[in-house]
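Trainee: If you read the protein sequences in the order shown, they are chains A and B.
Heads up: the first sequence begins at 5 in this note's numbering, then just goes up one per residue.
Heads up: the second sequence begins at 85 in this note's numbering, then just goes up one per residue.
All C-beta atoms, glycine included, are put in the ideal place defined by N, C-alpha and C.
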Amino acid sequence: METSPNRLPPPLGMLVNHDKPVSFRFESSQYTGLAGDTIASALAANDTWLLSRSFKYHRPRGVFSMAGLEANTLVQVGYEPNVAADKRKITSGLEVTGQNYSGSLANDRAAKIGLASRFFPVGFYYKTFFQPSGAWQNFWEPIIRKYAGLGQVHLDTPRKYYDKKYLFCDIAVIGGGPAGMSAALSAANSGAEVLLVEQEAVLGGSLNYGRFDTDGKLAPDLRDEFVATINNHSNIGIMTDAACNGWFADNWLPIIRGHRMYKLRTKELILATGKMEQPAIFHNNDLPGILLGTAAQRLIRLYGVRPGRRAVILTAGDDGYAMALDLLENGVNVVAVADLRESFDATPMYEKVRSCNIPVHMACTVFEALSDKHTCHLRAVELRKVASRGRCGNKVQCYDCDLLCISTGFMPAYQLALQAGGRLVHDERSSMFSITGLPASIHLAGAANGENELGAEIESGRRAGRAASKKLGLTVSGHALPKQVYPASYISTNHPWPIFPHPRGKEFLDLDEDLQYLDIVHACQDGYTELELVKRYSTIGMGPSQGRHSALATARVVASATQRTVSEVGVTTARPPLHAEKLAVIAGRSFKPKRLTAMHNRHLESGAQMIIAGMWWRPAYYGKSQHRNRCICEENLAVRDNVGLIDVSTLGGLEVRGPDAAEFLNRMYTFAYSGQKTGTLRYLLMANTAGTIIDDGVACRLDNEHFYITATTGGVDNVFRTMLWWNAQWRLDVDVTNVTAAYAGVNLVGPRSRTVLQQVCRDIDLTSKSFPYLAVRSATVAGIPARLLRVGFVGELGYEIHVPSLQGEALWDALLDAGHCYGIKPVGIEAQRLLRLEKGHLIVGQDTDATTTPQEVSMAWAISKRKPFFVGGRSLQIIERHQSSRKLVGFTIKAEQGDTPEESNLILDGNAIVGHITSVGYSPTLDRIVGMGYAKADTEPGTSIHIKLKSGKLQFAQVVDMPFYDPENKRQNM
Amino acid sequence: MPWNLLKYGLAPKYPARRDIPAPRDLKKSYDVIIIGAGGHGLSTAYHLARYHAINNVAVLDKGYVGGGNTARNTAVIRSNYISPEAVAFYKASVEMFKNLSNELGYNQMYSQRGQLTLAHSDASVRTFALRAEVNKHLGVRSEIVDRQQIREIVPCLNMDENMRFPIQAGLWHRDGSTARHDAVAWGYAMRAAQMGVEIHQHTEVTGIQVNAGRVVAVQTDRGTVKCNHAVQAVAGMSSVVAKMAGIRLPVRSFPLQAMVTHPVKPFLDPLVSSSDLHAYISQTARGEIVIGGGSDPYELYSTRSTLDLKESLVANTLELFPCIAELKLLRQWAGITDMTPDYSPVMGTSPVKNYWLDAGWGTWGFKATPISGKCMAETLANEKAVELIQPFRLERFKTFTLSNEAGATAASH
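The structure is reproduced here in structure tokens:
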């Protein structure tokens with residue numbers, strides 16, 4: 005096995021398996037890493053640091069945080085764009101490429117644009133590119149658009165499997181570092197059911213990679229003890245490799261782990277999310293080879309990778325000295341430490357570094373970093389004295405190095421807390437942050453709470469665990485936390501101003517967006533002084549890292565430029581998700597049920613063309629699509645002359661029961677139902693509060709306190725919801741149940757329908773005298789218990805037969821059988837639409853729109869004047885006093901007369917639009933084109949209307965009385 | 085490289101251009117106080133100063149310039165509405181957008197990429213047909229396109245006939261465009277301020293004084309300021325502010341979520357929306373995919389994000405664009421939409437004399453920014469609602485002469 009030049013031996017590399025090499029490709033070169041490696045760590049082990057090109061200036065970029073927090077490491081992995089190379093594990097044969105370059109990653113032709121950066125001031129695209137008119141869209145935008153974006157979307161991306169799962173617990177702890185583990189243990193000891201969520205592969209957090217004492221023993225010992233105790237605790241569930249990616253109201257947490265999103269509801273929430281190390285700002289602070297201190301530590305301990313050969317450290321506290329010891333122990337030559345502080349009390353960590361003869365430069369900073377022309381990697385840093393805040397004095401020394409570790413400060417991982425309503429508070433004296441204003445069910449622990457010392461973090465975890473348990477009425481018993489042996493001498497500080505502007509710029513506040521110090525100062529000078537405006541104007545914090553590494557520096561620079569405090573400036577609103585999340589994970593399996601009626605297979609067997617109606621599939625007509633018109637025509641005539649069978653199972657069905665059932669319908673619908681006799685049915689018209697028609701159907705009174713009502717296919721869910729909503733206020737003694745799916749229904753219709761029905765229904769008298777139009781009966785049809793409704797939607801003698809869904813198919817078969825010798829035909833909804841049009845019956849939603857009132861469609865007869873109240877009643881009273889400008893009229897055109905108008909063609913008055921055609925079709929019964937449409941309110945039968953055809957031609961149509969067919973309604977009464 | 089960038093590179097000192105004026109004291113009185121420094125308020129201020137010589141104007145905002153719905157919308161500009169009055173109104177707005185960069189001297193990044201709205205049901209096809217007919221009749225470029233044409237306009241769409249709700253047809257609106265939403269507010273702010281309009285950020289209106297049926301002063305957390313006229317342009321808080329003047333608006337406010345992905349190389353030019361799947365999708369100049377959807381189902385004044393809506397919206401988006409399944413969502417946010425019963429705005433006169441309404445914008449405020457400012461300014465200057473906004477008068481709710489736009493939402497609400 006070839007050895008990678010930067011690979012460190014075990015026990016370093018707790019996440020990798022030193023015995024398992026894994027091969028993959030990056031930029032068409034073959035690399036070998038170890039199982040458990042990320043793309044970035046495997047490349048780093050092979051001394052490959054250049055990973056990507058930056059968004060704007062195409063600057064070379066490499067590993068920076070090793071925590072998947074910034075755009076630097078975004079690479080393309082097969083179909084997947086913008087993959088964080090420092091998070092994604094390598095697998096055998098993985099194909100990885102760099103992004104956003106022209107030419108090669110090493111030699112990006114587009115990088116030249118960086119040379120002209122002084123001509124691209126902040127917000128430059130607002131200041132120019134628009135003259136002459138159209139210049140932006142036709143010239144500049146296409147150029148700029150060419151350079152937009154990072155990775156690539158492949159149009160043939162396959163859909164993979166993703167899903168979701170629900171979880172519940174008493175106390176969730178987000179973050180498995182020292183504070184989180186401590187919190188979980190103390191909470192679990194109270195008897196609470198605890199879920200500990202950690203985004204890394206193992207518990208431990210900073211204990212896994214950090215160093216808290218001079219000999220480096222404390223962290224591993226403490227971790228082992230913690231992890232062993234937690235693993236043995238029966239009350240603690242552990243999720244690793246799991247990112248809690250947002251906070252939603254009432255502790256509703258999406259936790260993403262691989263291809264699954266867990267949705268967790270927790271009673272109490274402990275946020276132990278830790279802290280985010282922050283960069284220092286100086287010239288070329290973005291070069292590959294410049295790492296956050298914790299990134300170097302992660303490389304060493306988590307992945308067993310030596311982060312460089314010659315290192316300089318920039319620090320302002322013990323973090324940098326601990327870093328120096330880590331590097332020294334692992335074969336890195338630490339050539340200098342630059343400490344931003346003027347003076348400080350010597351700590352053991354500092355003393356130990358001094359004892360190793362490493363030069364320490366006090367009150368010193370990196371003035372600039374220099375890069376190697378060929379490799380683009382860091383080759384040297386120039387140290388200068390800090391003259392005053394943000395100003396460099398004399399040159400101290402230039403050190404050759406290939407690694408610069410920055411440990412100058414951090415801020416709490418505040419995002420989840422702020423999403424939950426917390427506020428970030430900055431102490432101007434200590435430069436430390438704290439979070440206030442959280443809901444009572446959320447507790448902070450550790451560095452997220454502003455703690456900056458290991459012992460205090462663990463203690464704060466314990467407190468949070470206790471507090472959460474107490475909220476649940478539990479008391480913490482027992483003591484399972486590891487013994488307290490934390491050194492208090494370790495000083496981790498947050499330097500207030502690690503920002504050093506350079507005469508030549510390129511000191512980046514935001515690496516994602518290539519924004520330099522002066523860009524932010526200039527944005528303020530241009531008047532964009534509010535932080536949100538700074539963000540929007542400069543785009544700072546808008547890139548993939550969402551300000552995780554720029555928020556602090558931005559707040560400081562804006563505060564300074566506008567004479568405010570960091571607290572006053574604040575940070576921009578924290579919004580979910582915490583880390584960018586794959587759309588496929590959010591979507592999951594995306595259930596989209598199809599609703600099929602009980603007779604669905606029969607329709608298919610009969611050659612029906614199916615169409616979508618709401619969630620349902622319904623037969624449009626029976627026959628081949630090339631014979632569409634003929635099929636519809638034949639079905640139409642079957643109903644008019646003979647007998648047809650229509651599947652009406654999709655119609656909504658609701659049971660309304662209780663002493664107040666009639667009163668309830670009185671209030672919900674425009675008509676009156678108190679006096680309705682048992683065994684009869686009545687038309688239902690529903691309006692909303694504005695008096696607009698929103699649904700219709702029929703009400704069957706089955707007994708005094710029981711109605712069975714129908715609603716439209718698309719409207720029933722809304723009708724049901726609306727009913728519950730109203731009755732939550734009225735509190736009538738009534739029960740409403742949506743039984744749409746429980747019943748199958750057919751409409752057996754046509755002059756011979758009674759004859760057919762008599763074959764299979766012998767327990768009631770079907771004659772018109774004892775079972776007239778608008779009556780409802782219970783009977784047995786083909787041995788199936790059924791409700792029979794005599795309705796007249798299509799204007800012929802007919803019976804709607806409703807039976808339990810499971811019996812739908814049997815009913816269908818029995819009726820077709822019984823009707824066989826009478827020439828019965830199954831009829832689809834296209835013919836049904838035409839049949840009802842011939843009768844002038846409207847379809848809510850097609851012949852009505854979002855403001856149609858009963859008055860406009862000549863249905864004032866369906867409004868009861870004697871009721872004290874119904875929904876929409878008050879509006880309808882007002883509407884009655886105002887003449888509407890339009891009304892629905894019927895019109896006819898001779899069949900052979902020119903082009904046929906279509907639905908949605910405009911009806912004009914002069915050149916003004918007065919309405920449109922809502923329904924139109926050729927009526928085989930009448931051999932004419934018949935239609936309905938909105939015309940001026942004063943349009944009378946006998947006059948004509950002007951229709952603007954799709955072609956633009958005008959067509960006259962004769963306005964006539966409706967219904968077009970059987971105006972005396974004799975046929976439905978037979 | 086355009087010449088006017090040279091000065092930035094060559095000048096020894098940054099030639100700052102103060103777009104948003106620095107904070108200053110409030111005067112005791114103004115001719116006009118505009119409540120809300122969003123696009124509409126600033127557009128109104130600009131038109132008052134530029135075309136009506138009314139520049140003793142203060143624009144007040146409780147937050148920062150353009151921080152409300154101006155900042156939160158998904159920057160769709162279109163005029164493919166369903167009612168003739170709305171088509172005429174938005175058509176005028178689109179015309180103004182076309183020249184806005186030059187009018188303001190501020191690049192609005194206006195880009196006419198066309199908008200494709202997809203129908204997955206018979207009902208939508210029928211509504212689209214009506215919209216196309218109304219649009220064509222009034223000179224707006226809209227047409228019904230079939231599946232083959234849709235494939236050509238947006239090749240990456242899922243045209244599978246076996247998807248749950250297959251795409252049946254589309255409404256192709258060539259005038260559909262986008263612009264940089266923030267720049268609209270900033271451009272108006274800059275020009276208005278240059279003509280003497282005062283912009284006061286962090287100045288919250290706490291009350292409106294009405295005397296004998298006429299507005300006389302506006303109370304703020306920085307003191308009371310007299311005025312001859314007041315305009316409210318506070319999308320998301322319309323009914324709350326109107327109530328201060330004793331006016332009850334028929335407005336219900338719902339949160340509306342939107343989200344954006346990581347930037348990727350451009351692959352989607354037109355703006356795409358689906359009225360049946362409640363989603364609209366476009367790619368920004370930066371390469372991010374912006375996704376918007378339907379409102380949350382309950383009234384709320386909170387702009388918090390919700391998970392459930394994100395899940396269903398993304399699922400629907402992937403139905404349309406399976407190719408972006410592996411792309412990552414970066415940020416989610418919400419705005420508050422003030423919905424009227426007929427989905428049309430409330431503009432013009434109010435029951436209080438000299439108190440002018442610019443409210444009830446629902447999801448359509450951004451695209452109306454230029455024209456509403458123009459109309460409001462003209463209305464105020466003449467003390468009479470201009471004809472274009474007559475159909476949107478508040479009194480229509482008393483007489484039920486509604487202007488129905490419920491059928492023209494890009495996603496239903």
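Where DSSP assigns a beta bridge to A:P1020, which residues make up the other side?
Mentor: With chain A covering only 5 through 978, there is no way to say anything about residue 1020 of chain A.
Trainee: For A:L519, I'd like the list of residues in its chain whose CB is within less than 8 Å of its CB, leaving aside the five on either flank, ordered along the chain.
Mentor: Residue numbering aside, residue 519 of chain A sits at position 515 when the first sequence is read from its first letter. Closer than 8 Å at the Cβ level, and outside the excluded window around A:L519, lie V126, F512, L513, S542, T543, I544, S554.
Trainee: Looking only at DSSP bridge pairs, what is A:T369 linked to?
Mentor: By one-based count along the first sequence, residue 369 of chain A stands at place 365. A:R388, per the DSSP bridge assignment.
Trainee: Is A:G937 closer than 8 Å to A:V893 when the C-beta atoms are compared?
Mentor: Start at 1 with the first residue of the first sequence, and residue 893 of chain A comes out as number 889. Start at 1 with the first residue of the first sequence, and residue 937 of chain A comes out as number 933. Yes, these two residues count as a Cβ contact at 8 Å.
Trainee: To be precise: take each residue of the stretch 411-439 of chain B, compare its Cβ to all Cβ atoms of chain A, and keep it if any distance is under 7 Å. Which residues remain?
Mentor: Cβ contacts with chain A come from L411, K412, L413, L414, R415, Q416, W417, P425, D426.
Trainee: Just checking: is the beta-carbon of B:Q474 within a distance shorter than 8 Å of some beta-carbon in chain A?
Mentor: If you number the second sequence from 1, residue 474 of chain B lands on position 390. No, its Cβ sits nowhere closer than 8 Å to a Cβ of chain A.
Trainee: Let me make sure I understand the geometry here. Which of A:N640, A:F675, A:R122 has the alpha-carbon closest to that of A:Y1003?
Mentor: In the structure displayed, chain A extends from 5 to 978; residue 1003 of chain A sits before or after that span and is not available.
Trainee: Which parts of the stretch 413-499 of chain A are runs of the alpha helix (DSSP H), unbroken and 4 residues or longer, counting only runs that do not cross its ends?
Mentor: Correct list: 419-423, 458-475.
Trainee: For chain B, find out if any of its Cβ atoms is closer than 8 Å to the Cβ of A:A588; answer yes or no.
Mentor: Within the first sequence, residue 588 of chain A is the residue found at index 584, counting from 1. Closer than 8 Å to some Cβ of chain B, the Cβ of A:A588 qualifies, so yes.
Trainee: What distance in whole Å lies between the Cβ atoms of B:L132 and B:A452, which are believed to be in contact at a cut-off of 8 Å?
Mentor: Looking up residue 452 of chain B in the second sequence gives position 368. Looking up residue 132 of chain B in the second sequence gives position 48. Contact doesn't hold; Cβ gap of about 17 Å is too wide.
Trainee: Counting contacts by CB-CB distance shorter than 8 Å, is B:S177 in contact with chain A?
Mentor: By 1-based counting over the second sequence, the position of residue 177 of chain B is 93. Taking Cβ atoms only, chain A never reaches closer than 8 Å to B:S177, which makes this a no.
Trainee: Counting only the same chain and skipping the five closest in sequence on each side, list residues whose C-beta sits under 7 Å from that of A:G441.
Mentor: The residue labelled residue 441 of chain A in the question sits at position 437 within the first sequence. Closer than 7 Å at Cβ, skipping near neighbours: G425, G426, R427.
Trainee: In three-state DSSP terms, what is A:A342?
Mentor: For the purposes of this step, residue 342 of chain A is identified with residue 338 of the first sequence, where counting begins at 1. Three-state result, A:A342: strand.
Trainee: Which residue comes first and which comes last in the alpha helix (DSSP H) that contains B:F481?
Mentor: Here residue 481 of chain B refers to the residue found at position 397 when the second sequence is read from its first residue. Its alpha helix (DSSP H) spans residues 480-483.
Trainee: Any beta carbon of chain A sitting closer than 8 Å to that of B:V224?
Mentor: Here residue 224 of chain B refers to the residue found at position 140 of the second sequence. Chain A contact via Cβ: absent.
Trainee: How about B:E236: is its C-beta nearer than 8 Å to some C-beta of chain A?
Mentor: In the second sequence, counting from the first residue as 1, residue 236 of chain B sits at position 152. It does not; no Cβ of chain A falls within 8 Å.
Trainee: Mind checking if B:G151 is an interface residue toward chain A, Cβ cutoff 8 Å exclusive?
Mentor: Indexing the second sequence from 1 puts residue 151 of chain B at position 67. Chain A, which has a Cβ nearer than 8 Å to the Cβ of B:G151, makes this yes.
Trainee: Just the chain B side, please: which residues come within less than 9 Å of A:T52 by C-beta, in chain order?
Mentor: Along the first sequence, one-based indexing puts residue 52 of chain A at 48. The premise fails here: A:T52 is roughly 24 Å from chain B at the closest Cβ pair, so nothing lies under 9 Å.
Trainee: Rounded to a whole number of angstroms, what is the C-alpha to C-alpha distance between B:M247 and A:L329?
Mentor: Taking the second sequence and counting its residues from 1, the one referred to as residue 247 of chain B is at position 163. Taking the first sequence and counting its residues from 1, the one referred to as residue 329 of chain A is at position 325. C-alpha separation (whole angstroms): 60 Å.
Trainee: Output, in chain order, the set of chain B residues within a Cβ distance shorter than 8 Å of A:W729.
Mentor: Mapped onto the first sequence, residue 729 of chain A falls at position 725. Within chain B, no residue comes near A:W729; the closest Cβ sits about 11 Å away, beyond 8 Å.
Trainee: Is there contact between the stretch 156-171 of chain A and the stretch 349-358 of chain B, where contact requires at least three CB pairs shorter than 8 Å?
Mentor: Enough Cβ pairs lie closer than 8 Å, so yes.
Trainee: Does the count of Cβ pairs from the stretch 161-168 of chain B and the stretch 256-273 of chain B closer than 8 Å reach three?
Mentor: Because the criterion of three Cβ pairs below 8 Å is met, the stretch 161-168 of chain B and the stretch 256-273 of chain B touch.
Trainee: Let me know the secondary structure DSSP gives B:F181 once reduced to three states.
Mentor: Within the second sequence, numbered from 1, the residue matching residue 181 of chain B stands at position 97. In this structure, B:F181 counts as helix in the three-state DSSP scheme.
Trainee: In terms of residues, what are the limits of the beta strand (DSSP E) holding A:R57?
Mentor: In the first sequence, the residue the question calls residue 57 of chain A occupies position 53. Per DSSP, A:R57 belongs to the beta strand (DSSP E) from 54-57.
Trainee: Can you check which of these residues, A:D245, A:Y213, A:P967, is closest to A:V323 by C-alpha distance?
Mentor: Numbered from 1 along the first sequence, position 319 holds the residue referred to as residue 323 of chain A. First, the amino acid is wrong: residue 323 of chain A is Asp here, not Val. Residue A:Y213 is the option with its Cα nearest to A:D323.
Trainee: Jot down the residue ranges of each uninterrupted alpha helix (DSSP H) in the stretch 366-435 of chain B, minimum 4 residues, whole runs only, in chain order.
Mentor: Complete alpha helix (DSSP H) runs here, min 4: 391-404.
Trainee: Could you tell me whether any Cβ in chain A is nearer than 8 Å to the Cβ of B:S195?
Mentor: The residue labelled residue 195 of chain B in the question sits at position 111 within the second sequence. Yes, contact with chain A.
Trainee: Since B:D266 and B:G150 are thought to touch, with beta carbons under 8 Å apart, how far apart are those beta carbons, to the nearest angstrom?
Mentor: Walking along the second sequence from the start, residue 266 of chain B turns up at place 182. Walking along the second sequence from the start, residue 150 of chain B turns up at place 66. 6 Å between Cβ atoms; contact.
Trainee: Would you report the Cα separation of A:K60 and A:A299, rounded to the nearest angstrom?
Mentor: Residue numbering aside, residue 60 of chain A sits at position 56 when the first sequence is read from its first letter. Residue numbering aside, residue 299 of chain A sits at position 295 when the first sequence is read from its first letter. One C-alpha to the other measures close to 24 Å.
Trainee: Under 8 Å between C-beta atoms, does A:H526 make it to chain B?
Mentor: Stepping through the first sequence from its first residue, residue 526 of chain A is reached at position 522. Yes, its Cβ sits closer than 8 Å to a Cβ of chain B.
Trainee: Can you tell me whether DSSP reads A:L12 as helix, strand or coil?
Mentor: Reading the first sequence from its first residue, position 8 is the one you call residue 12 of chain A. If DSSP states are grouped into helix, strand and coil, A:L12 belongs with coil.
Trainee: Per DSSP, which one or two residues make a beta bridge with A:F512?
Mentor: For the purposes of this step, residue 512 of chain A is taken as the residue at position 508 of the first sequence. Looking at the DSSP assignment, A:F512 forms a beta bridge with A:Q520.
Trainee: Got a sec? Which residues, its chain only, sit under 6 Å from A:R302 by beta carbon, not counting five neighbours each side?
Mentor: As a first step, residue 302 of chain A must be located in the first sequence, where it is residue number 298. Closer than 6 Å at the Cβ level, and outside the excluded window around A:R302, lie M70, Y213.
Trainee: Assign A:V753 to one of three DSSP states: helix, strand, or coil.
Mentor: Counted from its first residue, the first sequence places residue 753 of chain A at position 749. It is a strand residue.
Trainee: The stretch 42-68 of chain A: which residues have C-beta closer than 9 Å to a C-beta of chain B, in chain order?
Mentor: Within the stretch 42-68 of chain A, the residues whose Cβ lies closer than 9 Å to some Cβ of chain B are F59, listed in chain order.
Trainee: Are the C-beta of A:T855 and some C-beta of chain B separated by less than 8 Å?
Mentor: In the first sequence, counting from the first residue as 1, residue 855 of chain A sits at position 851. Answer yes: the Cβ-Cβ gap between A:T855 and chain B drops below 8 Å somewhere.
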